[in-house]
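Worksheet: the structure to be examined is printed underneath.
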Amino acid sequence: MPKYHREQEAKFCILNPQSIKERLKKLAGELVRPRTHEFNLRFDTPSKELTRQHLLLRLRRDHTTRLTFKGSESIHRRKATQSRKKGNP
């Protein structure tokens, strides 16, 4: 059975960004990439089928351009199973 990448994301409300920046520097944190602004185009069917299923298809451009799909793990697993039934690897 193939392994699936499970994306995890955490978001925090930062009331004092400067103190976080100073703390990260004290912990030897390094800026890997300067701030990048994203440009996102979201796609859906005219009947909003993706939105209703809590799915997201987007074209994201920042330092590179990617087409991304977000959905629950069960959606990915179901699609992979359907693909294997059709004879695809």
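Residue numbers for the sequence shown follow the working numbering, beginning at 7 and rising by one.
Glycine included, every Cβ here is placed at the ideal spot set by N, Cα and C.
Please read all numbers here as calculations on a predicted model, not as lab measurements.
Thinking just about the alpha-carbon of each residue, which of 26, 16, 67 is nearest to the one in residue 44?
Here the closest residue by C-alpha is 67.
How would you write the range of the alpha helix (DSSP H) that residue 61 sits in, first residue to last?
Note, residue 61: premise wrong, no alpha helix (DSSP H); not H, not E.
State the DSSP-derived secondary structure class of residue 67, mapped to helix, strand or coil.
Strand, per DSSP.
Below 8 Å, how does it come out for the stretch 60–74 and the stretch 21–38: are there three or more Cβ pairs, yes or no?
With a cut-off of 8 Å, the stretch 21–38 and the stretch 60–74 do not count as touching, because too few Cβ pairs lie within range.
State the Cα-Cα distance for the pair residue 56 and residue 50, rounded to the nearest angstrom.
Approximately 6 Å, taken between the alpha carbons.
Rounding to the nearest angstrom, what Cα-Cα distance links residue 46 and residue 20 in this structure?
When rounded, the distance between both Cα atoms is 24 Å.
For residue 41, name the three-state secondary structure that DSSP assigns.
In the structure shown, residue 41 sits in coil (DSSP, three-state: anything other than H, G, I, E or B).
Between the C-alpha atoms of residue 74 and residue 14, what's the straight-line distance to the nearest angstrom?
Those two C-alpha atoms are separated by around 15 Å.
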